[in-house]
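Chemist: Pasting in a structure now, in structure tokens, and then I'll have a few things to ask.
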Amino acid sequence: MIQSIGRFIRLEHIRHFMTLFSSSVVGQGLALALAPVLSRLFTPGDFGLSALYLSILSVMSVFSTAKYEQAIMLPKDNDAAIHIFRLVIILAAFVSLISFLPIIFFNAGISRLLSNPDIAPWLYILPLSLMVHGMLQASTFYANRSKSFSHMARTTLIHQVSANGIKAGTGWLQTSFNGLITGQVAGQMLAMIYIFRHAIREIRKQRIRFSSKAIGQQASAYIQYPRFNMLMSLTNNLSGSLPIFLFTWGFSPEAAGLYAFGYTFVFRPLGLFSQSTQQVLSQKMIDNYHKGVAIYPTLRKMTYRFAAAGLFPLVIMAIWAPGIFSFVFSETYEASGRYLQILSPWLYMVFLASPLTFLHELFFRQKTAMIIDLVYLILRFFALMAGIWMQDLIMALVLFSGVGTLMVGYKLWWFLMLAKRASGVNEQPTDIS
Numbered sequence: 063m064i065q066s067i068g069r070f071i072r073l074e075h076i077r078h079f080m081t082l083f084s085s086s087v088v089g090q091g092l093a094l095a096l097a098p099v100l101s102r103l104f105t106p107g108d109f110g111l112s113a114l115y116l117s118i119l120s121v122m123s124v125f126s127t128a129k130y131e132q133a134i135m136l137p138k139d140n141d142a143a144i145h146i147f148r149l150v151i152i153l154a155a156f157v158s159l160i161s162f163l164p165i166i167f168f169n170a171g172i173s174r175l176l177s178n179p180d181i182a183p184w185l186y187i188l189p190l191s192l193m194v195h196g197m198l199q200a201s202t203f204y205a206n207r208s209k210s211f212s213h214m215a216r217t218t219l220i221h222q223v224s225a226n227g228i229k230a231g232t233g234w235l236q237t238s239f240n241g242l243i244t245g246q247v248a249g250q251m252l253a254m255i256y257i258f259r260h261a262i263r264e265i266r267k268q269r270i271r272f273s274s275k276a277i278g279q280q281a282s283a284y285i286q287y288p289r290f291n292m293l294m295s296l297t298n299n300l301s302g303s304l305p306i307f308l309f310t311w312g313f314s315p316e317a318a319g320l321y322a323f324g325y326t327f328v329f330r331p332l333g334l335f336s337q338s339t340q341q342v343l344s345q346k347m348i349d350n351y352h353k354g355v356a357i358y359p360t361l362r363k364m365t366y367r368f369a370a371a372g373l374f375p376l377v378i379m380a381i382w383a384p385g386i387f388s389f390v391f392s393e394t395y396e397a398s399g400r401y402l403q404i405l406s407p408w409l410y411m412v413f414l415a416s417p418l419t420f421l422h423e424l425f426f427r428q429k430t431a432m433i434i435d436l437v438y439l440i441l442r443f444f445a446l447m448a449g450i451w452m453q454d455l456i457m458a459l460v461l462f463s464g465v466g467t468l469m470v471g472y473k474l475w476w477f478l479m480l481a482k483r484a485s486g487v488n489e490q491p492t493d494i495s
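In the numbering used here, each number is its position in the sequence shown, counted from 1, plus 62.
Given below as structure tokens:
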């Protein structure tokens, strides 16, 4: 597969890709190795609680940065990128502080609304997670801009090794608190500390003085990020978290946990692979676009290669997932394998489309992307609610997967058509804005 990638990306960028991807492989290899252990140390209810916390964090984290971190990659002037970095840190601190108020005064009500009273004590550390997330995102994007791929790779390793080590340790000790949440929070914090220190060292070398005026100018220059990207990310993250929220509410925390266990087992390595690809590919494609080099041929070939590479895992998952999960993780999690069978077409499309998600930002098509994601969110909601109304979890997943396959397939086509038009080809993408 790497030889195929090498046909359309220069050797330097293969090296960057492999640096990030290898760290993902090691980190996810540890997670996969520990998964059979964790499945016997924690119950589906524990996984459901952890998934609920991470889903809340996923939705709230959009506000902590207003998605300005994505703009760090774009300015030609490094001074502007540093001011955007500082803007993200300020926003994260502000949102983290104000999030304490509703948690302090409405903790019990929020827990009842989420249909899981066990989430109540964990809500108090949510502001800390929001701050850590903002700092981690800002630092990672700045490292990507400065091509510090080795530091990004180490950040991934620190996160995965520490998070999974703490999960296993707390599970073995049978602590009274949820070790899955503890491991995730601690792992993210340690990763943030490492990459943030690196980013600060690089920024200090530039000797760019703090300027509230300059920060305000950059906030105004990239206002499309909170205006469109933030709303788009909110709908996207809420869309991804809908099964956890609605399964907890409509079925049980255990049902949400079984879904989360299977989904996480496949989606995290898939997501890290896509993220590693995108981090290198976006930097290369943005550079080429600014230089006037056509980017469509590269993206088209990459999509074909990934489509071929993903077929075998898709077939394995679609046929044997229940048996594999029952044998490896115990019969308790056989249902997770059945859920994955249903979700496999959608996950395959996500695998193909995820590396291209930076394109709508490059071409300033955030409004169209936001509308697509909003339609996606609405369709997913009604698909899941139909299954809940019938009290049929399998039907909910079938409808959810069907909607996802169609919508992500459309987004993949749209991304490629955007690149095709930018490369000077006459055929243009269909735009619904």
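A virtual CB, placed ideally from N, CA and C, is assigned to each residue, including glycine.
1. With DSSP run on the structure shown, which of helix, strand or coil describes Val87?
2. How long is the line joining the alpha carbons of Leu332 and Ser282, rounded to whole angstroms?
3. Measure the alpha-carbon distance for Lys482 versus Ile357 and round it to whole angstroms.
4. Where does Tyr284 sit, in a helix, a strand or coil, going by DSSP?
5. Straight-line CA distance for Asn298 to Ser161?
6. Report yes if the CB atom of Asp435 is closer than 8 Å to the CB atom of Ser303, and no otherwise.
7. Buried or exposed: where does Ser123 fall if 16 or more other Cβ atoms within 10 Å of its Cβ makes it buried?
8. Count the other CB atoms within 10 Å of the CB of Thr237; is the residue buried (16 or more) or exposed (fewer)?
9. Thinking just about the alpha-carbon of each residue, which of Leu468, Phe307 and Ala200 is nearest to the one in Ile181?
10. Given a cut-off of 8 Å on the beta-carbon distance, is the pair Leu100 and Ala230 in contact?
11. What beta strand (DSSP E) runs, 3 residues minimum, are completely inside the segment 136 to 223?
12. What three-state label does DSSP hand Lys482 in the structure shown?
13. Quick one: what's got a C-beta closer than 6 Å to Trp311's C-beta in the same chain, skipping five residues either side?
14. Below 8 Å, how does it come out for the segment 313 to 327 and the segment 397 to 405: are there three or more Cβ pairs, yes or no?
15. Leaving out five residues on either side along the sequence, give the residues of the same chain with a beta carbon under 7 Å from the beta carbon of Leu373.
16. Do Glu264 and Ala200 count as a contact pair if the criterion is CB distance below 8 Å?
17. DSSP three-state label for Met540, please.
18. Answer yes or no: do Leu116 and Gln246 have a C-beta to C-beta separation smaller than 8 Å?
19. Which same chain residues end up closer than 8 Å to Ala448 when comparing Cβ atoms and leaving out the 5 residues on each side of it in sequence?
20. Provide the residue span of the alpha helix (DSSP H) that contains Thr360, from first to last.
21. Since Gln11 and Phe426 are thought to touch, with beta carbons under 8 Å apart, how far apart are those beta carbons, to the nearest angstrom?
22. Pick out the complete alpha helix (DSSP H) segments inside the segment 429 to 489, 4 residues or longer, and give them in chain order.
Modeler: The relevant details are as follows:
1. Here Val87 sits in helix by DSSP.
2. For Leu332 and Ser282, the distance between alpha carbons rounds to 35 Å.
3. Going from the Cα of Lys482 to the Cα of Ile357 covers about 8 Å.
4. If DSSP states are grouped into helix, strand and coil, Tyr284 belongs with coil.
5. The straight-line gap from Cα to Cα measures roughly 21 Å.
6. Not in contact: Asp435 and Ser303 (Cβ atoms no closer than 8 Å).
7. The Cβ neighbour count for Ser123, taken over all protein chains shown within 10 Å, is at least 16; the residue is labelled buried.
8. So Thr237 ends up on the exposed side.
9. When C-alpha distances from Ile181 are compared across Leu468, Phe307 and Ala200, the shortest belongs to Phe307.
10. Contact: yes.
11. DSSP runs (the beta strand (DSSP E)) wholly in the segment 136 to 223: none.
12. DSSP places Lys482 in helix when its eight states are reduced to three.
13. Short of 6 Å from the beta carbon of Trp311, and not among the five residues preceding or following it, lie these beta carbons of its own chain, in chain order: Ser177.
14. Yes, the segment 313 to 327 touches the segment 397 to 405.
15. Excluding residues up to 5 positions away in sequence, nothing lies with its Cβ nearer than 7 Å to the Cβ of Leu373 in the same chain.
16. No. Outside cutoff.
17. No statement about residue 540 is possible, as the shown extent of the chain runs from 63 to 495 and does not include it.
18. It is a contact, given that the beta carbons lie within the stated cut-off.
19. Hits under 8 Å: Met457, Ala458 and Leu461.
20. Per DSSP, the unbroken alpha helix (DSSP H) holding Thr360 starts and ends at Tyr358 to Phe391.
21. This structure leaves residue 11 out entirely; the chain is present only between 63 and 495.
22. Taking only runs of at least 4 residues, the alpha helix (DSSP H) segments lying wholly in the segment 429 to 489 are 455 to 484.
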